[in-house]
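*Asks:* So in our numbering, the last one in the sequence shown is 523, and the numbering has no gaps at all.
Cβ coordinates follow ideal geometry from the N, Cα and C atoms, glycine included.
Please read these numbers as outputs of a predicted model, since none were measured by experiment.
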Amino acid sequence: SGESGAGKTESTKLLLQHIMNLCKGNSQLEQQILQVNPLLEAFGNAQTVMNDNSSRFGKYIQLRFQKNTVRGAKLSEYLLEKSRVVQQDTGERNFHIFYYMFAGLSLEEKEMYGLLDPSLYRYISGRFGTQDVAQRWKHKYQEVCNALDMVGFQEQEQVDMQAILAGVLSLGNVTFEPEESNGSVKVSEASRGWLKAAAVDVSRQLVCCVPCSPWSPSVSCCSLCADARDSIAKVAYGRVFGWIVCKINELLAENVDSEVELSEIGILDIFGFENFAVNRFEQLCINLANEQLQHFFNHHIFQLEQAAYKEEELPWETITFNNNQSILNLLLAKPLGLLSLLDEQSAFPQATDKTFVDKLNSSFKGNLHFQPGRSRVLGFSIIHYAGKVQYTAGGFLEKNRDTLPANVLGLFINSVTPLLSVLFTGKSLCYGRASYMNQGPPRQELSVGMRLHSLMVLMERMYSANPHFVRCIKPNNQKEPGVVDSQMVLLQLRYNGLLETIRIRRDGFSWRPSFEEFAER
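#1: Report the rounded CA-to-CA distance for H141 versus V262, giving the unit in angstroms.
#2: Tell me the start and end of each unbroken alpha helix (DSSP H) in the region 319-405 that is at least 4 residues and wholly inside, in chain order.
#3: For L306, is the classification buried or exposed, using 16 other Cβ atoms within 10 angstroms of its Cβ as the cut-off for buried?
#4: For S6, which three-state DSSP category applies?
#5: State buried or exposed for D119, treating a residue as buried only when at least 16 other CB atoms are found within 10 Å of its CB.
#6: Which whole-angstrom value describes the C-beta separation of R73 and L344, a residue pair presumed to lie in contact below a C-beta threshold of 8 Å?
#7: Thinking just about the alpha-carbon of each residue, which of R378, K112 and S383 is nearest to the one in L362?
#8: Output needed for A291: all residues of its chain with C-beta closer than 8 Å, excluding positions within five of it in sequence on either side, in chain order.
#9: Quick check: the Cα distance between R241 and M52, rounded to an integer number of angstroms?
#10: Quick one: what's got a C-beta closer than 8 Å to S423's C-beta in the same chain, skipping five residues either side?
#11: Based on the DSSP output, what are the partners of P180 in its beta bridges?
#12: Below 6 Å CB to CB, which residues in the same chain sit around L117 once its five sequence neighbours on both sides are set aside?
#13: According to DSSP, which residues form a beta bridge with E266?
#14: Could you check how far apart the C-beta atoms of Q347 and F358 are, in whole angstroms? I think they sit under 8 Å.
#15: Would the region 192-199 and the region 164-178 be scored as touching if the rule is three or more Cβ pairs under 8 Å?
#16: Within this structure, are the beta carbons of P469 and H302 separated by less than 7 Å?
#17: What are the boundary residues of the beta strand (DSSP E) that includes V72?
#18: Between which two residues does the alpha helix (DSSP H) containing I99 stretch?
#19: Would you mind reading off the limits of the alpha helix (DSSP H) that contains C147?
#20: Is the Cβ of L501 closer than 7 Å to any Cβ of chain D?
#21: CA-CA distance, S13 and Y497?
#22: Just list the residues that DSSP pairs K61 with in beta bridges.
#23: Compute the Euclidean distance between the alpha carbons of L425 and S57, then round it to the nearest angstrom.
#24: So which of H20, N251, V88 and E400 has the shortest CA-CA distance to R231?
In structure tokens, the structure reads:
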């Protein structure tokens, strides 16, 4: 755990390498497990103002062992930040893979996928980078291709996957204009080429799925069509990412008899705590996950430890710590926690972001960890364990619903691109903790709030494990090596509870032999 940019993903990679090295083997499975990280980073990481290689999803890696030999691995992914596909703030980029493709594909391959100059694409904001950066991306693209081969992806699957990603970029350039004769909306003439490049005829579906009345201003209808276009791009990218994770799990699954007992090491690497100039729904999800981790840490380091001393009737002066249970209650309580209220509002077609904020203001009046918005921008503030964060409420309901119009879903199911059809028939998809096979109709999408609970289920499972904590401390905000900002480090040590941890470790009892061990000595 730690702030965004503190080194969690790098630590995870080093830890994996160390564990594989301790296995003292050099099997293909071990090499495949090590190749998973560069693959996931390409599709799930992006540059933010806080971190050039920021994880925009959470992952839990389960390594399964028979004695000292690794026999299999399983990956679970949580809450990919799909909104990044269609929008990035100033100084930020889209997911790495888009830039790697532009830098690494040959001219012939770009032509095959219908890719033009990167500066033309709205979804990557026309930002590409210097020649040096492009060279580094080219090298990274080769790494991704090698990883796909090593893990076991077929050539046709790789081609289909890149065709879908190229299609997503082209779709972002499709714009809409009013039809003068009857006041309806059509794809603009200027962007018909992009629609063709996207390789899917979504024009009718985009226009049909938008509920415009004869009295709606055509401008707002165009805006609704653009929202539908963006939701298609986000869902398509999210399905590709989920499919990659499921494919990895198929290829790394243990091949042992069911009666063989396997032990397990799990590594949880989630997005770090974030506080930007503008904080949206995604930051709330990320910060909630970090609140959960902090509570888990407190429970093990302080509550269980001191309860053991009390039970043993040892002379002990209680060490107090900042318990964030009340913040978790504010966010997760049922039926009146923030997430429950968000799901409730998301179920009402007439509800808006404003009615949601009004509901929060009335429900949490007087709560010490909640503050109503005080600016003209619709929003609210939460006093987290790591400090106060102001959230902009625009888009909360839409992002939580995370739905796709039914007629667009049918379009994908009948796609001529085999992989695209598979992604939307629900035949091999990941949802939260596990992959599942389903030959029936596509299942109803869960709200993001509901899917966040799958991360909570994982946390509950971890309470019964034997945890080790790797606390990552960010040295400075300038992304510079060898520079330590003492005040920034001290702030993190304080809100993480590490000063109290040092006290309990110093005053506590580090060696705990059993009576049997003691008698033998």
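*Replies:* The answer reads as follows:
#1: 42 Å
#2: 327-334, 340-348, 355-365 and 398-403
#3: exposed
#4: coil
#5: exposed
#6: Contact doesn't hold; Cβ gap of about 41 Å is too wide.
#7: S383
#8: G60, Y80, L81, I272, F273, L454 and L457
#9: 27 Å
#10: F414, I415, N416 and S417
#11: V187
#12: A168
#13: R66
#14: 4 Å
#15: yes
#16: yes
#17: T71 to Y80
#18: H98 to G106
#19: Q133 to V153
#20: Among the chains in the structure shown there is no chain D, since it carries only a single protein chain.
#21: 21 Å
#22: E79 and D271
#23: 23 Å
#24: V88
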